[in-house]
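Numbering (the working numbering), first residue to last: 216 to 517.
Cβ coordinates follow ideal geometry from the N, Cα and C atoms, glycine included.
Right, dumping it as structure tokens:
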């Protein structure tokens with residue numbers, strides 16, 4: 216059980232549990248703030264180790280929390296005392312904060328979007344926002360198409376940020392994705408988690424955007440820090456997708472917050488360290504044959 220936690224650390228953990236808008240990058244920074252608060256609270260190293268393992272159990276499918284907590288455990292094992300652990304954590308936090316800028320720089324250097332690109336995105340990604348800022352500072356004039364991203368309307372929050380920057384934007388309902396994506400030059404999203412096979416877990420609706428982008432030959436890029444790669448998830452379906460109760464009086468409503476975008480729909484994933492392109496094991500034709508054989512889908516073959 217999570218007991219004997221300093222009040223300021225407990226407050227941060229509570230904020231992590233209810234966060235809905237700002238995404239996994241924000242959650243990663245809060246997670247590090249939590250561990251810094253524990254260390255500054257002068258808890259014994261053995262107690263911080265115990266709490267770290269409990270936090271992993273609380274967020275088993277959240278890649279940033281899983282990876283950061285395990286990194287903290289390594290710092291604790293290798294430490295010469297709480298002072299050295301605190302220095303390691305503060306250095307690590309600076310690295311995490313700089314990752315977004317490095318991804319934005321890589322995007323600008325490696326992806327040719329032209330001078331006036333139309334970008335479509337889904338949900339709220341601080342990495343995508345940082346990339347738009349980089350484009351603007353480089354005298355590129357983007358137009359950004361934003362989905363509402365129901366039920367929490369992250370796209371509306373993104374729109375306010377773009378408005379501050381003076382960036383041209385428009386907001387569409389999630390249901391218009393398939394209609395509007397053909398107007399875009401490129402689709403760019405963030406990620407909450409990436410499996411080892413490069414399946415992408417992100418806000419529900421990302422899969423629909425990727426499917427629509429593939430249909431209209433619009434490149435689909437994922438921008439994500441390396442701590443979002445989940446070492447325990449071989450594929451996207453290994454991740455438990457979070458559901459939240461949504462009460463509508465007299466009706467049964469299902470509210471799944473995330474979905475899985477198969478790697479075959481992803482053009483490339485940009486992290487602060489590399490550009491990763493999924494390698495497909497099977498062709499579409501072989502996949503169709505396998506589905507027919509398994510009886511899950513009757514796909515005609517020509």
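For the beta strand (DSSP E) containing residue i, name the first residue and the last one.
i	result
residue 485	483-485
residue 418	415-418
residue 468	From DSSP, residue 468 is part of no beta strand (DSSP E); its letter is neither H nor E.
residue 360	358-362
Consult DSSP for residue i and reduce its assignment to one of helix, strand or coil.
i	result
residue 399	coil
residue 476	strand
residue 258	coil
residue 282	helix
residue 431	coil
residue 368	coil
residue 496	For residue 496, the predicted model reports a pLDDT of 44, less than 50, meaning its position is unreliable and no value from the coordinates is stated.
residue 438	strand
residue 458	strand
residue 287	helix
residue 355	coil
residue 270	helix
Could you tell me if residue i is buried or exposed, where buried requires 16 or more neighbouring beta carbons within 10 angstroms of its beta carbon?
i	result
residue 224	buried
residue 445	buried
residue 310	exposed
residue 496	Unreliable positioning characterises residue 496 in this predicted model, as indicated by a pLDDT of 44, which lies under 50. A coordinate reading is not provided.
residue 451	buried
residue 388	exposed
residue 227	buried
residue 315	buried
residue 463	exposed
residue 425	buried
residue 378	exposed
residue 289	exposed
residue 337	buried
residue 334	buried
residue 468	exposed
residue 381	exposed
residue 233	exposed
Looking at the secondary structure, which residues open and close the alpha helix (DSSP H) in which residue i lies?
i	result
residue 388	Neither: residue 388 is in no alpha helix (DSSP H) and is coded neither H nor E.
residue 227	222-233
Sequence ranges, beta strand (DSSP E) only - wholly within the stretch 297-351, length at least 3: 333-336
The stretch 414-425 touching the stretch 249-263, judged by at least three CB pairs closer than 8 Å: no
Inter-stretch contact at 8 Å, needing at least 3 Cβ pairs: the stretch 363-371 / the stretch 400-412: no
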